[in-house]
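Residues 86 to 310 (the numbering used here) make up the sequence shown, in order.
Quick reminder that beta carbons are idealized off the backbone N, C-alpha and C, glycines included.
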Amino acid sequence: MKITLVHPASDPLCHEAMFGLKAPPLGLAYIAAYLEKKGYKPRIIDASAQRMSSEDLESKLKTTNPDLVGIYCSITRVKQSLDMARIAKSLGATVVLGGPHATFDLKALINNENVDVIVRGEGEDVFTKLAESIESGRSLGGLNGVAYKEGGAVRINPEASLIPNLDTLPFPAFGLLPMEYYRICDSIPICTLSSSRGCSRKCRYCIVPEMYQGRWRGKTPSRVV
Numbered sequence: 086m087k088i089t090l091v092h093p094a095s096d097p098l099c100h101e102a103m104f105g106l107k108a109p110p111l112g113l114a115y116i117a118a119y120l121e122k123k124g125y126k127p128r129i130i131d132a133s134a135q136r137m138s139s140e141d142l143e144s145k146l147k148t149t150n151p152d153l154v155g156i157y158c159s160i161t162r163v164k165q166s167l168d169m170a171r172i173a174k175s176l177g178a179t180v181v182l183g184g185p186h187a188t189f190d191l192k193a194l195i196n197n198e199n200v201d202v203i204v205r206g207e208g209e210d211v212f213t214k215l216a217e218s219i220e221s222g223r224s225l226g227g228l229n230g231v232a233y234k235e236g237g238a239v240r241i242n243p244e245a246s247l248i249p250n251l252d253t254l255p256f257p258a259f260g261l262l263p264m265e266y267y268r269i270c271d272s273i274p275i276c277t278l279s280s281s282r283g284c285s286r287k288c289r290y291c292i293v294p295e296m297y298q299g300r301w302r303g304k305t306p307s308r309v310v
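This is the structure we're talking about:
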């Protein structure tokens with residue numbers, strides 16, 4: 086199965102654009118590394134960092150011809166994510182949305198005609214099991230952490246369990262990313278890392294509790310180093 090993960094461009098008025106920030110999409114890099122661990126050979130297209138137009142993305146996807154396309158969706162790139170979903174769907178791929186806004190607004194987004202599946206919350210294990218299910222033709226009925234369409238109806242499965250030990254995750258697949266594009270103020274090269282996930286607080290304005298079930302998990306100091 087050919088899998089492509091896409092990081093869409095963001096709204097031109099968001100903080101990323103205002104501060105000239107282009108950071109690696111760590112979430113997609115972790116999912117890609119997890120897929121590699123299971124024997125897949127995913128690709129990542131960072132349309133945001135490389136400032137790709139819809140036409141550029143369509144050309145790229147036609148070249149790779151993926152069976153499964155996973156698209157990151159945050160509040161600053163909903164329109165762009167759905168535009169990419171439309172392109173991927175027109176090329177015959179199964180389209181999956183994930184990320185904070187996909188988790189928060191899944192009931193609305195799963196009804197979009199170009200979206201087949203939504204992965205809720207933490208994506209590594211769920212997306213990989215989704216790929217395995219699609220590849221083998223298994224029903225998604227028993228896969229926690231997804232919303233999907235079946236027989237014209239929308240099904241929303243229970244939340245998946247969080248990965249208990251973050252140290253077990255492989256390092257992000259930075260080799261699949263265009264690292265030369267990541268900068269702050271459009272000039273200073275940067276990279277990012279993740280030392281923990283989640284938060285024990287439940288601030289009403291924040292998506293983090295929804296993404297990580299109101300829990301905080303940290304990596305060990307040696308893993309971070």
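Practice task
Measure the alpha-carbon distance for Ser139 versus Asp152 and round it to whole angstroms.
Solution key: Approximately 19 Å between the Cα atoms of the pair.
Handout entry: Val163 versus Arg205 - alpha carbon distance
Key = 16 Å
Practice task
Express the C-alpha separation of Tyr125 and Ile248 in angstroms, rounding to a whole number.
Solution key: 20 Å
Practice task
With a 10 Å radius around its C-beta and 16 neighbouring C-beta atoms as the bar for buried, classify Gly303 as buried or exposed.
Solution key: exposed
Problem - Whole-number beta carbon distance between Thr188 and Asp370, since they are thought to touch under 8 Å - result: No answer is possible for residue 370: the residues shown for the chain start at 86 and end at 310.
Exercise for the section: Using the DSSP secondary-structure output, state which residues sit across from Lys107 in a beta bridge. Expected result: In the DSSP output, where bridge partners are listed per residue, Lys107 has Arg268.
Problem - Proximity below 8 Å, CB of Ile219 to CB of Thr277 - result: no
Handout entry: Residue from Ile292, Asn199 and Ala94 whose Cα sits closest to the Cα of Pro109
Key = Pro109 has its Cα closest to that of Ala94, out of Ile292, Asn199 and Ala94.
Handout entry: Among Met264, Arg289 and Cys288, the one whose alpha carbon lies nearest that of Gln135
Key = Met264
Exercise for the section: Assign Glu198 to buried or exposed, taking buried as 16 or more other Cβ atoms, counted over all protein chains shown, within 10 Å of its Cβ. Expected result: exposed
Problem - Val202 vs Gly230 beta-carbon contact at 8 Å - result: no
Exercise for the section: For Ile269, I'd like the list of residues in its chain whose CB is within less than 6 Å of its CB, leaving aside the five on either flank, ordered along the chain. Expected result: Hits under 6 Å: Leu106 and Ile275.
Exercise for the section: Grab the span of the beta strand (DSSP E) containing Lys192 for me, first residue to last. Expected result: Where Lys192 is concerned, there is no enclosing beta strand (DSSP E), although the alpha helix (DSSP H) it sits in stretches over Leu191 to Leu194.
Handout entry: alpha helix (DSSP H) runs contained entirely in the segment 160–241, provided each spans 4 or more residues
Key = Entirely contained in the segment 160–241, the alpha helix (DSSP H) runs reaching 4 residues are, in chain order, 163–175, 185–189, 191–194 and 209–221.
Handout entry: Sequence-distant residues of the same chain with beta carbon closer than 6 Å to Ser319, five excluded per side
Key = Here the chain has residues from 86 to 310 only, and residue 319 is not among them.
Practice task
Return helix, strand or coil for Ser139, following the three-state DSSP convention.
Solution key: If DSSP states are grouped into helix, strand and coil, Ser139 belongs with the helices.
Handout entry: Contact check, Val91 vs Ile116, beta carbons under 8 Å
Key = no
Practice task
Could you check if Ala193 is buried or exposed, using at least 16 other CB atoms within 10 Å of its CB as the buried criterion?
Solution key: exposed
Handout entry: Assumed close pair Thr213, Leu111 - CB separation to whole angstroms, cut-off 8 Å
Key = Not really, about 17 Å apart at Cβ, beyond 8 Å.
Practice task
Using a threshold of 8 Å, state whether the C-beta atoms of Val239 and Ala245 are closer than that.
Solution key: no
Practice task
Determine the DSSP secondary structure at Ser246, reduced to helix, strand or coil.
Solution key: coil
Exercise for the section: Classify Pro151 as helix, strand or coil using the three-state DSSP reduction. Expected result: DSSP places Pro151 outside both helix and strand once states are collapsed to three, so it counts as coil.
Handout entry: Spatial neighbours of Lys287 in its chain, beta-carbon cut-off 7 Å, leaving aside the 5 residues before and after
Key = Pro294 and Gly299
Practice task
Can you give me the start and stop residues for the beta strand (DSSP E) that Ser281 sits inside?
Solution key: Ser281 to Gly283
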